[in-house]
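> Let me begin by handing over the structure; questions about it come next.
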């Protein structure tokens, strides 16, 4: 089974998750904030970052991408088709309202609903669309883990007043996430602690 390590980022205390196997060199990220601690951890344990799966494209979950690509130019970036637009738009990714507007128009792998991405032998990631908080929102099911980004943070009211938010879709997505959570025992939200279900 895949192991998961949580890094809490300086900006808005968003989470970046590292997915790894002890006997494999490659690791995968869910969201990308502060890069320096990730690089230090990888160097310490002889790991290399293969790709980044974005739960959505709000600035606090993507701001480390540019720095990461300086360290690892070949790293793969995965998001929804709406996420591709969000990465390219400082207005959609909300970086326009911060010190450094963020815009990424490099190579992106577009995820389709229910597709399966092999991370390791017998370990795959399955994305599910969960728009509402943002139109780019995805949750990821990996082994016994459900990565929910900001689509579902237990005990926190979902924010749906951003340029690409939708309150009705958020309600539908929440029901979907609660159904998906029955397939796993560990919930990894975009902010806050990892929860055992």
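Numbering (my numbering), first residue to last: 3 to 199.
Backbone N, C-alpha and C fix where the C-beta goes; we use that ideal spot for every residue, glycine too.
Everything numeric in this text was worked out from a predicted model, so none of it was measured.
Measure the beta-carbon distance from residue 153 to residue 179 and round it to whole angstroms, keeping in mind my assumption that it falls under 8 Å.
To locate residue 153, count along the chain shown from 1; it is residue 151. To locate residue 179, count along the chain shown from 1; it is residue 177. Indeed they touch by this definition, with Cβ atoms about 6 Å apart.
> Can you name the start and end residues of the alpha helix (DSSP H) that residue 126 belongs to?
As a position in the chain shown, residue 126 is number 124, starting the count at 1. Taken as a continuous stretch (DSSP letters only), residue 126 belongs to no alpha helix (DSSP H), being part of the beta strand (DSSP E) at 125-131.
> Sorted by chain position, which residues of the same chain lie with C-beta nearer than 8 Å to residue 30's C-beta, five sequence neighbours on each side aside?
Sequence index remark: in the chain shown, residue 30 carries index 28 (1-based). So the qualifying residues of the chain are 20, 21, 22, 51, 52, 53, 54, 55, 121 and 127.
> Quick check on the DSSP output: what are the complete alpha helix (DSSP H) runs of length 4 or more inside the region 128-199, in order along the chain?
Entirely contained in the region 128-199, the alpha helix (DSSP H) runs reaching 4 residues are, in chain order, 169-182.
> Can you give me the C-alpha to C-alpha distance between residue 1 and residue 83, rounded to a whole angstrom?
A query on residue 1 cannot be resolved here, the shown segment of the chain reaching from 3 to 199 and no further.
> Going by C-alpha to C-alpha distance, which of 114, 136, 138 and 174 sits closest to residue 129?
In the chain shown, the residue the question calls residue 129 occupies position 127. When only C-alpha atoms are compared, the closest one is 114.
> Tell me, please, which residues DSSP counts as bridged to residue 207.
Outside the modelled stretch of the chain, which goes from 3 to 199, sits residue 207, for which no answer is possible.
> Compute the Euclidean distance between the alpha carbons of residue 108 and residue 142, then round it to the nearest angstrom.
Here residue 108 refers to the residue found at position 106 of the chain shown. Here residue 142 refers to the residue found at position 140 of the chain shown. The straight-line gap from Cα to Cα measures roughly 23 Å.
> Restricting to Cα atoms, I'd like to know which of 39, 198, 124 and 11 is closest to residue 65.
One-based indexing of the chain shown puts residue 65 at position 63. Selected option, being the one with the closest Cα: 11.
> Hey, out of 71, 81, 62 and 72, whose CA is closest to residue 92's CA?
The count along the chain shown starts at 1 and reaches residue 92 at position 90. Selected option, being the one with the closest Cα: 62.
> Do residue 128 and the ligand HEM come close, with the Cβ less than 6 Å from some heavy atom?
With respect to small molecules bound, the structure shown includes none, and the ligand HEM cannot be examined in it.
> Find the nearest neighbour of residue 197 within the set 166, 162, 98 and 148, judged by alpha-carbon distance.
Taking the chain shown and counting its residues from 1, the one referred to as residue 197 is at position 195. Taking only the C-alpha atoms, the option nearest residue 197 is 148.
> For residue 181, count neighbouring C-beta atoms within 10 Å of its own C-beta (all shown protein chains included) and say buried if the count is 16 or more, exposed if not.
Taking the first residue of the chain shown as 1, we reach residue 181 at position 179. Answer is exposed; the Cβ neighbour count stays below 16.
> Using the C-alpha atoms, what's the distance from residue 74 back to residue 47?
In the chain shown, counting from the first residue as 1, residue 47 sits at position 45. In the chain shown, counting from the first residue as 1, residue 74 sits at position 72. If you take the alpha carbons of residue 47 and residue 74, they lie about 17 Å apart.
> Based on the DSSP secondary-structure assignment, which residues constitute the bridge partners of residue 78?
Locating residue 78 in the chain shown gives position 76, counting from the first residue. Within the DSSP bridge table, the entry for residue 78 names 53 as partners.
> Going by CA-CA distance only, name the one from 131, 194, 99 and 185 that's closest to residue 165.
What you label residue 165 is simply residue 163 of the chain shown in a count that begins at 1. Of the candidates 131, 194, 99 and 185, 99 places its Cα closest to the Cα of residue 165.
> Can you tell which of 8, 167 and 101 has its C-alpha closest to the C-alpha of residue 195?
Your numbering for residue 195 matches position 193 in the chain shown. It is 8 whose Cα lies nearest to the Cα of residue 195.
> Roughly how many whole angstroms lie between the Cα atoms of residue 67 and residue 77?
Position 65 of the chain shown, counting from 1, holds the residue named residue 67. Position 75 of the chain shown, counting from 1, holds the residue named residue 77. The C-alpha of residue 67 lies about 9 Å from the C-alpha of residue 77.
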